[in-house]
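Scroll down for the structure; my scribbles are underneath it.
Residue numbers (full-length UniProt numbering): 1 to 1002.
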């Protein structure tokens, strides 16, 4: 009697690209066999209605492999439709969006889309309004929303014909009581029936501008997304498949169709992720190292680094798509407009792309009888043996010289994209996948070898089929009776259980992301976000009917012809938006007659350096950089002068933000800094003649320039500051160290930007100033603008930490140079070189963040960051080193912080009851954490599990270390750590003045 056939548990993966629809049927239980368990595959041009293409792909695969629909356990679909619409700036697929901010007086200097490319802003942003609303960090309201205001804006939006609206409220992600975004959305829906309203809190977490940017893109694509996803679902039902239908999202896991139709932005990078996951699947057994995956489709080429563990490298705290900055993790992908459907033009020099005929390749390409020359036509004319279309149709279309130019352009585009994604100048294996891989030569500069595995043309469909299951637990818990670590452990277990319940195999589930965010000024409350992911458990997966799509108004069919991509060159960006290639080696700042005139390039580099000098604190300079560049574009002249050039009787004013760095990324400035200055000078005998930043670290490092440009007198900024870094308290400044008069910071004024101002004409000490203002700060939203009384030019020359704007500029230039030269793996060494060389600093650690603990005490965020060392190797003399040749980083480093990093401690487990900690560096020396993938600083609010980082130590200014008082105020005692002693990590080298080096005075 014959044995019964063993039931198969098959997966279907389909990737609907801009040009081709790829499909694959996999038996995952046979993944280790020579055929990888691939039972059938299919590639065909994407149809105008994706439903037909999906139906045809699955039907063809069923017929070729004799598949019974009952054997199929899941269908997972990936798509580049949505990201292609953004990359191509396709107005037919991107709706105009109105933005309603619930912000009160805040964020006025950074309007919606302020940091977008000009062409994208013009295309998408149709209207915006800054209305009452928003929360403080403690949950108190900035102001109530005003229903009348919102209705007035609805009338304007209706008149403009806009159907997609974003609502973005200050601190909306922690708004669980007032529900301002939700209430505003209800009003809008009632006024504008049938419109799409996106609440920003559904899209991303804290980070006001970045969350808003993501929400705007999500809203712009909604109508197109609904129709597209519905067209994906229908053939599944039509073919009699009773199984779950998923859409792949950015991290290689899946969304239900209904969720993807509501949050299409989560799928934006799923195409490249699918290709990279599919590449890892196909390359099993061939590689055991990191590789560069080049996925050449019909419209775009996506390049990304695949780690040796088979997962794509992720972007860090922020991601960038088409020049738009967002704050959720995506695979680190470089996309360029190159594919099989790229349009080739020969007028005025040969160009390839970035526009494409897309899915109409087989109608419009010359080789298929059309009249538009595409990259496919060129490669077929070059290689007739490919047998694509009618070779005779392309004979003689391009001259031999033009074909040579075409090959050179394509090769150069691919090589540049690979080059930009490398973190080291060393050659790296390159894995070619995608249907357009035929465009690439087999030898590429920067590639140690070029691989093209079997079935690589459908790697994206394979990646979709093998996508994982994930689940997120996002909750607020009390830390009163349990520690953060204990709670994190419990919530991690909950996330794992939730992932298993969603269909994952228990043995495969792991926590892939965890984050703790103390809710400041709310006792014992912390927000926990934990995400787990795992492989499908085929034994337990439930058979379901595909979810119904949301009905679209006036939509009786799924004709997608309205979304056809026309073969037109995209509108050129404005002059300001062209990505200028600055020659860093020859760039010269403008310095005349001992005055440095700041340019946008200078501002970019200074901002990068400021965050690195912030030692984890000071808040991100990004929003302040946006404001400074806006001022420059409006014609402001921003001047910087050398402190040694100050007259003795000059009056040096000071101002900056005070409060939590976490607040500064969410509650963007109003006019609090100027208001504080105006109130201060009502009680000061002399007005300021210059401005100086209280700290160079973080956002405050730009404030002297912003304040100077914003005042009626256009005051110059002094090239220096009162810290040389960032510190959490006002008494941790060099004027207090010198103690020549006390208090220094009195009189003083503080404004919250929302109508509340505190002025202290007198104080007994600088410590009293700090305590009193800190108490007021808790009632003023935990972030304010402060104005300190001016000091004289003579005092400034004695007390100032000199040339720190120059130092920030040099650090930023070093980071930019390292990135351009693909030396990000040793960017820390570049920073050290800019700060005086090896004797002035060193790399303290390299590794991955494996844990972050945070708590709130007295208005400050205290915590510890744990970093696990990188892999090491043994060299000839027995010294263990990492791959870059630096000293070994085995074990774990702990960084305690109080807003700023306090110390770098190497944890040693000697088998004793208590672990030993070796001090590698401690304040006042600078301890800064930078992103190992791009060289940018990572602030303490951005520490999160999984980030690859480099910990850098720099010697503190001798204004701190030159006296015992300076060491006590700025060192471990000043942070309340009495058991650790300061020992300098190196010899301080005074930063070189940009003015001294580049002055071109005649």
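We put the CB at the ideal spot given by N, CA and C, even for glycine.
Those residues which DSSP pairs with residue i across a bridge
i: residue 1003; result: Residue 1003 lies beyond the residue range present for the chain, which begins at 1 and ends at 1002; the question has no answer from this structure.
i: residue 654; result: 692 and 788
i: residue 719; result: Residue 719 is not bridged to any residue.
i: residue 809; result: Its beta-bridge partners do not exist; DSSP assigns none.
i: residue 515; result: 529
i: residue 40; result: 25
i: residue 759; result: 749
i: residue 306; result: 291 and 312
Within 7 Å, strictly: CB atoms of residue i and residue j
i: residue 691; j: residue 717; result: yes
i: residue 811; j: residue 612; result: yes
i: residue 835; j: residue 954; result: yes
i: residue 1071; j: residue 212; result: Lying outside 1 to 1002, the shown extent of the chain, residue 1071 is not represented and no answer is given.
i: residue 333; j: residue 302; result: yes
i: residue 763; j: residue 769; result: yes
i: residue 297; j: residue 339; result: yes
i: residue 957; j: residue 982; result: no
i: residue 676; j: residue 828; result: no
i: residue 854; j: residue 515; result: no
i: residue 13; j: residue 447; result: no
i: residue 341; j: residue 374; result: yes
i: residue 267; j: residue 260; result: yes
i: residue 353; j: residue 368; result: no
i: residue 938; j: residue 732; result: no
i: residue 705; j: residue 638; result: yes
i: residue 178; j: residue 201; result: no
i: residue 221; j: residue 82; result: yes
i: residue 95; j: residue 164; result: yes
i: residue 327; j: residue 513; result: no
i: residue 720; j: residue 800; result: yes
Residue i, enclosing beta strand (DSSP E) - first and last residue
i: residue 246; result: 245 to 248
i: residue 235; result: No beta strand (DSSP E) holds residue 235; the alpha helix (DSSP H) holding it covers 208 to 238.
i: residue 74; result: 72 to 79
i: residue 10; result: 10 to 16
i: residue 267; result: No beta strand (DSSP E) holds residue 267; DSSP gives it neither H nor E.
i: residue 610; result: No beta strand (DSSP E) contains residue 610, which is instead part of the alpha helix (DSSP H) from 600 to 613.
i: residue 979; result: It is not in any beta strand (DSSP E) - residue 979 carries neither H nor E in the DSSP assignment.
i: residue 735; result: First-last for residue 735: 734 to 738, but that is the alpha helix (DSSP H), not the beta strand (DSSP E).
i: residue 803; result: Segment: none, residue 803 is in no beta strand (DSSP E) and carries neither H nor E.
i: residue 326; result: 324 to 326
i: residue 597; result: 595 to 597
i: residue 448; result: 447 to 451
Anticipated Cβ contact below 8 Å, residue i with residue j, distance rounded
i: residue 37; j: residue 28; result: 6 Å
i: residue 802; j: residue 643; result: 6 Å
i: residue 244; j: residue 54; result: Not quite, the Cβ-Cβ distance comes to about 15 Å (not below 8 Å), so this is no contact.
i: residue 463; j: residue 275; result: 6 Å
i: residue 999; j: residue 594; result: 6 Å
i: residue 174; j: residue 754; result: Rounded, the Cβ-Cβ distance is 18 Å, inconsistent with contact.
i: residue 783; j: residue 894; result: That belief does not hold up - the Cβ atoms of residue 783 and residue 894 are roughly 28 Å apart, past 8 Å.
Residue span of the alpha helix (DSSP H) that contains residue i, given as start and end
i: residue 189; result: 180 to 191
i: residue 799; result: 793 to 799
i: residue 194; result: Element bounds for residue 194: n/a, residue is neither H nor E.
i: residue 55; result: 50 to 65
i: residue 493; result: 484 to 501
Min CB distance residue i to chain D below 7 Å
i: residue 286; result: The chain inventory of the structure shown lacks chain D, comprising one protein chain alone.
Closer than 8 Å is the cut-off here; do at least three beta carbon pairs connect the region 727 to 736 with the region 893 to 901? Verdict: yes, contact present.
At a cut of 8 Å, does the region 60 to 80 reach the region 18 to 27 through at least three beta carbon pairs? yes
Would you check if there are 3 or more beta carbon pairs closer than 8 Å linking the region 685 to 704 to the region 643 to 658? yes
The region 92 to 106 touching the region 665 to 673, judged by at least three CB pairs closer than 8 Å: Contact between the region 92 to 106 and the region 665 to 673 is present, because at least three Cβ pairs lie under 8 Å.
With contact counted as at least three CB pairs below 8 Å, one residue from each stretch, are the region 528 to 536 and the region 461 to 477 in contact? Touching, yes.
Sufficient close CB pairs (3 or more, under 8 Å) joining the region 769 to 780 to the region 698 to 708: no
Are at least three pairs of beta-carbons, each pair with one atom in the region 150 to 159 and one in the region 184 to 193, less than 8 Å apart? Result yes; three or more Cβ-Cβ pairs closer than 8 Å.
So, do the region 497 to 504 and the region 428 to 443 have three or more beta carbon pairs nearer to each other than 8 Å? no
Can you find at least 3 beta carbon pairs, one from the region 806 to 826 and one from the region 609 to 627, that sit closer than 8 Å? yes
Taking contact to mean at least 3 C-beta pairs separated by less than 8 Å, is the region 814 to 821 in contact with the region 735 to 748? no
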